[in-house]
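S.K.:
Residue numbers (the numbering used here), protein chains in the order written: chain B, 238 to 620; chain F, 3 to 481; chain Y, 96 to 188.
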């Protein structure tokens, strides 16, 4: 089988497929993890998921990450069960959050309500006057590039091949029309035959799918992250404002910014997360950086004196209904999608990889793939 | 000064007030352009003419030239706004030209202009070796800067090491100031420039300068050892400073010749392997860059000092390391052409031709020097597994090689993301060249421009506090 | 130079400086080669590049951490302190 894309999702697919005994070739047009994976924070979250298929996938993936950390070694992935803290700054937001946590507990998320004063036990450096909050012990962290590399490494140890700087430019079809391979830019391997081709091309999955005439409407949603100078351990968890949860689900055209702040092992503090639909525009937007900075200072006032060291940007791959695309494509026999994870790619990659392997091998699926089916958008258009 | 709301401020913003920036600002103003001269220092002169107050010229070079330029600057104060202690962290294109974002103290200042001249200079290039992070090991430029700019001798027994003619200047300055220079350890073969007789003959001044340094060194009995490198520095018993080095003969690839290593006592090491141009601003603006003859990443310019982005001019080391005389020539040309672009008359063709001729001569000499003093890849054989590659994040050589061997990194950018070299405060300025070299070597290839771009791209060119960033231009937009 | 030298504090010592001299230059002239310990391995660091690009010479000046000693001009009465790690220990929890 061929997996197109060596980002975190492609790497997870490679890991689980190789573990299932399949012969895997990963084809990556750039470097390992060189696409959106390189611009991720490494979130493995349950706290921001609404009840439904995405949450089910998140629960599955979160379990899988914990298993992987056991098997590959947590420190080789920099896996940390640090937990998430949501801050409700105003009484109105607090009310909304309290309703949300009830729903979340009903759906299987461990969501603990935290009264205002107790928030400072969790995060001593919070701005004063916080109304209330919630604590999510299941939220975890992993270093995205290390995780991708380790997943691929284990796959290679089990016989997988990884080709970098090689782009897939077309598909090969059998006489009955089924896909049975890909054409590449490699002079030594211009054609790679495979019974299955996995589309794990991230924000470029739509372009790849078009080559197979099996369109998936994946578009880029730009995001910036700020990185501060190294600090001692000042922020213990992933910390977000309650507006973040509402933000992820929004489809508004313009800028969406609400803050996520966390410390890292190296001592830097990461600040996200903006969302813009501006295509693949790579220019730095100072107004966005300023807004992120201001929002972070509102949650942690000490950040005002802390220096910004660098910023980076990435393009989240998103679908109109904010659910990923996972599973075999009925429109193109042999094509399996594993893409469209928007801002949850790291977290959801493991479940996705496991499901892809199960699809190919014919094992029982951990989840019903119907909500993630690739042809669901045509139905919506038709109806 | 400009007052109109729609008028985008200055005609030209010049970033950097060293030799190139001073020349650009003054020649632009002489042509009638309104100029903002933006510099991080407290005084003009950049690094080459770094000084304290007053005119202590004892350790300076070409001071007359500096006084001429500074005099021009004073003469043109009506047209040049000089903004010292402004640290430029981002330059962006706007509808009407460019916005240059700087911090001055705790406030952000923004300078709007129709054109920009980038004259940001360069800094010493480093190769790591065991013990190079010990206090008392400095860059060659730091040692010279302490002497020239601060009147301070960096130490008493100094080893000067690296490659390139700059080492002679540094050693001569130290010797004249009374330090014991235990040796000049040149990793290459300095007579290599004899392979470029035309370039050498066209620049008698340069040759005389070099010969002058050699005379000074001879007078002070400073031994000069070609094909020799400092391959390790050793800590004093307290562990908190250098008290000796190991030097060894090097072969053509800079691998130590077995049996030639010996210990030399010293309390200071001055080290430099060429220069790294500061090109984060051209990269921010989207200018094309290329690998120059000295394996440095430089901005691409045409004969009018124009970058590949309209309205952005580049002069001095940022478009190719070549020294102060070349920087002044390029600055003058950049200023003339930038002024013309923003409304001044056509520059006098005879003058342009003269400047261009002298620029060509300087460039050919610089090229000859670069080709005579290349860095050879065998330097990585000096490293131990625990030799620090990234000083800021204390990343050892073993982590870099592991990222290639075990984690599948195929370029320095991936290594940066896996093992963190270049993620610290200096954002890869000190370790970028070495990391790229190590990674390429490990992959069995040579360093590419793309490799260096991956270690040189800095959207935030100088640290800025989140508070200053959030507050926006409080110091006002300067326009 | 006819200007008067002045003094500033470095930890519990007095350091002489001349007008226009940087903190780093004055410390080196006073025999101090390091004024910071690194975050990871607690190693001593002082000046390296001398021009503000390497960020090795960081020191705490008048309670503000991470000042580049090679860029900051010394002032009479400054309190310069050896910086340990990231220099904001009061924030750690």
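Where is the CB? At the ideal position from N, CA and C, for every residue including glycine.
All of these numbers come straight from a predicted model, not from anything done at the bench.
#1: Could one say the Cβ of residue 445 of chain F lies closer than 7 Å to chain B's Cβ atoms, at least one of them?
#2: I'd like to know whether the C-beta of residue 240 of chain B is nearer than 7 Å to at least one C-beta of chain F.
#3: Starting from residue 155 of chain Y, follow its DSSP beta bridges and name the residues at the other end.
#4: Can you tell me whether residue 267 of chain B is helix, strand or coil according to DSSP?
#5: Can you tell me the Cα-Cα spacing of residue 59 of chain F and residue 69 of chain F, whole angstroms?
#6: Using 10 angstroms around the beta-carbon of residue 602 of chain B, count the other beta-carbons present and answer buried if the total reaches 16, otherwise exposed.
#7: Residues in the same chain with beta-carbon distance under 6 Å from residue 300 of chain F, minus the five sequence neighbours each way, listed in chain order, please.
#8: Should residue 542 of chain B be flagged as near chain F, meaning a C-beta pair shorter than 7 Å?
#9: Buried or exposed: where does residue 109 of chain Y fall if 16 or more other Cβ atoms within 10 Å of its Cβ makes it buried?
#10: On the three-pair Cβ rule with 8 Å, is the segment 459–475 of chain F touching the segment 114–131 of chain Y?
#11: Give the secondary structure of residue 432 of chain B by DSSP, where H, G and I count as helix, E and B as strand, and everything else as coil.
#12: Kindly indicate which three-state DSSP category residue 94 of chain F falls into: helix, strand or coil?
#13: Write down the C-beta distance between residue 172 of chain Y and residue 103 of chain Y rounded to the nearest angstrom, noting that I regard them as a contact closer than 8 Å.
#14: Hey, residue 589 of chain B and residue 301 of chain B: beta-carbon distance below 7 Å or not?
#15: Taking the alpha-carbon positions, what's the residue 421 of chain B to residue 242 of chain B distance?
#16: Would a check of beta-carbon distances place residue 470 of chain B closer than 7 Å to chain Y?
#17: Tell me which residues share the same chain as residue 7 of chain F and place their Cβ nearer than 7 Å to its Cβ, disregarding the 5 neighbours each side in the sequence.
#18: Under 7 Å Cβ-Cβ, which residues of chain F neighbour residue 548 of chain B?
#19: Pull the bridge partners of residue 624 of chain B from the DSSP assignment, please.
#20: Expressed to the nearest angstrom, what Euclidean distance is found between the alpha-carbon atoms of residue 190 of chain F and residue 296 of chain F?
#21: Using a Cβ distance threshold of 8 Å, determine whether the segment 438–445 of chain B contacts the segment 468–482 of chain B, with at least three qualifying pairs required.
#22: Is residue 414 of chain B close to chain Y, meaning its C-beta is less than 7 Å from at least one C-beta of that chain?
#23: Return the chain-ordered list of same chain residues with a C-beta closer than 8 Å to the C-beta of residue 490 of chain B, the five sequence neighbours on each side being excluded.
#24: Just to confirm, is the Cβ distance from residue 175 of chain F to residue 225 of chain F under 7 Å?
#25: As an exercise, report each continuous beta strand (DSSP E) stretch of at least 3 residues that is fully enclosed by the segment 292–346 of chain F, in chain order.
#26: What residues from the segment 454–469 of chain B come within 9 Å of chain Y, judged by C-beta to C-beta, listed N to C?
#27: Within a Cβ cutoff of 8 Å, which residues of the same chain sit near residue 2 of chain F, ignoring the five residues on either side of it in sequence?
#28: How many angstroms separate the CA atom of residue 216 of chain F from the CA atom of residue 132 of chain F?
#29: Residue 569 of chain B and residue 450 of chain B look like a contact to me (Cβ under 8 Å); what is the Cβ gap, rounded to whole Å?
#30: Report the option in B/412, B/259, B/249 whose CA atom is closest to the CA atom of residue 598 of chain B.
#31: State the start and end residues of the unbroken beta strand (DSSP E) segment that holds residue 108 of chain Y.
#32: Take every Cβ of the segment 451–463 of chain B, pair it with every Cβ of the segment 571–580 of chain B, and state whether three or more of those distances are shorter than 8 Å.
#33: Can you give me, in chain order, the residues of the segment 361–373 of chain B that have a beta carbon less than 8 Å from any beta carbon in chain Y?
#34: By Cβ distance, which residues of its chain are closer than 7 Å to residue 306 of chain B, with the 5 residues on each side in sequence left out?
#35: Give a yes or no on whether the minimum CB-CB distance between residue 86 of chain F and chain Y is below 7 Å.
#36: Kindly list, in the order they appear in chain F, the residues whose Cβ is closer than 7 Å to that of residue 607 of chain B.
M.R.: Let's see:
#1: Not one beta carbon of chain B lies nearer than 7 Å to the beta carbon of residue 445 of chain F.
#2: So, not an interface residue.
#3: Its beta-bridge partners are Y/176.
#4: Three-state result, residue 267 of chain B: coil.
#5: Those two C-alpha atoms are separated by around 11 Å.
#6: So residue 602 of chain B ends up on the exposed side.
#7: The answer, listed in chain order, is 279, 294, 321, 322.
#8: Yes, because at least one Cβ of chain F sits closer than 7 Å to the Cβ of residue 542 of chain B.
#9: The residue in question, residue 109 of chain Y, is exposed, as its Cβ has fewer than 16 Cβ neighbours within 10 Å.
#10: Because the criterion of three Cβ pairs below 8 Å is not met, the segment 459–475 of chain F and the segment 114–131 of chain Y do not touch.
#11: Looking at residue 432 of chain B - three-state DSSP - the assignment turns out to be coil, as it is neither helix nor strand.
#12: When secondary structure is reduced to three states using DSSP, residue 94 of chain F falls in the strand class.
#13: That pair is a contact at about 6 Å.
#14: In this structure, residue 301 of chain B does not lie closer than 7 Å to residue 589 of chain B by Cβ.
#15: In a straight line, the C-alpha of residue 421 of chain B is about 13 Å away from that of residue 242 of chain B.
#16: It does; some Cβ of chain Y falls within 7 Å.
#17: For residue 7 of chain F, the pLDDT reaches just 39, beneath the cut-off of 50, and the residue's location in the model is therefore unreliable, leaving the point undetermined.
#18: For a Cβ distance threshold of 7 Å, residue set 461, 462 of chain F lies close to residue 548 of chain B, ordered along the chain.
#19: No statement about residue 624 of chain B is possible, as the shown extent of chain B runs from 238 to 620 and does not include it.
#20: CA-to-CA, the gap between residue 190 of chain F and residue 296 of chain F works out to about 13 Å.
#21: No contact exists between the segment 438–445 of chain B and the segment 468–482 of chain B.
#22: The C-beta of residue 414 of chain B comes no closer than 7 Å to any C-beta of chain Y.
#23: In this predicted model, residue 490 of chain B has a pLDDT of only 46, less than 50, meaning its place in the structure is not dependable; the value taken from the coordinates is given anyway. For residue 490 of chain B, where only same-chain residues beyond five positions count, the Cβ hits under 8 Å are 514.
#24: At the C-beta level, residue 175 of chain F and residue 225 of chain F stay beyond 7 Å of one another.
#25: Under the rule that a run must span 3 or more residues, the beta strand (DSSP E) segments found entirely inside the segment 292–346 of chain F read 299–301, 314–316.
#26: Taken in chain order, the members of the segment 454–469 of chain B whose beta-carbon sits within less than 9 Å of a beta-carbon on chain Y are 466, 467, 468, 469.
#27: Because chain F is modelled from 3 through 481, residue 2 of chain F falls outside the range shown and cannot be assessed.
#28: Each residue's alpha carbon lies about 29 Å from the other.
#29: Right, the Cβ-Cβ distance comes to about 7 Å (below 8 Å), so this counts as a contact.
#30: Answer by Cα proximity: B/259.
#31: Residues 108–112.
#32: Touching, yes.
#33: Hits within the stretch, in order: 361, 362.
#34: Once the five neighbours on either side are set aside, the close Cβ partners of residue 306 of chain B are 314, 316.
#35: No, because no Cβ of chain Y sits closer than 7 Å to the Cβ of residue 86 of chain F.
#36: Near residue 607 of chain B there are no residues of chain F at all, since even the closest Cβ is about 35 Å away, more than 7 Å.
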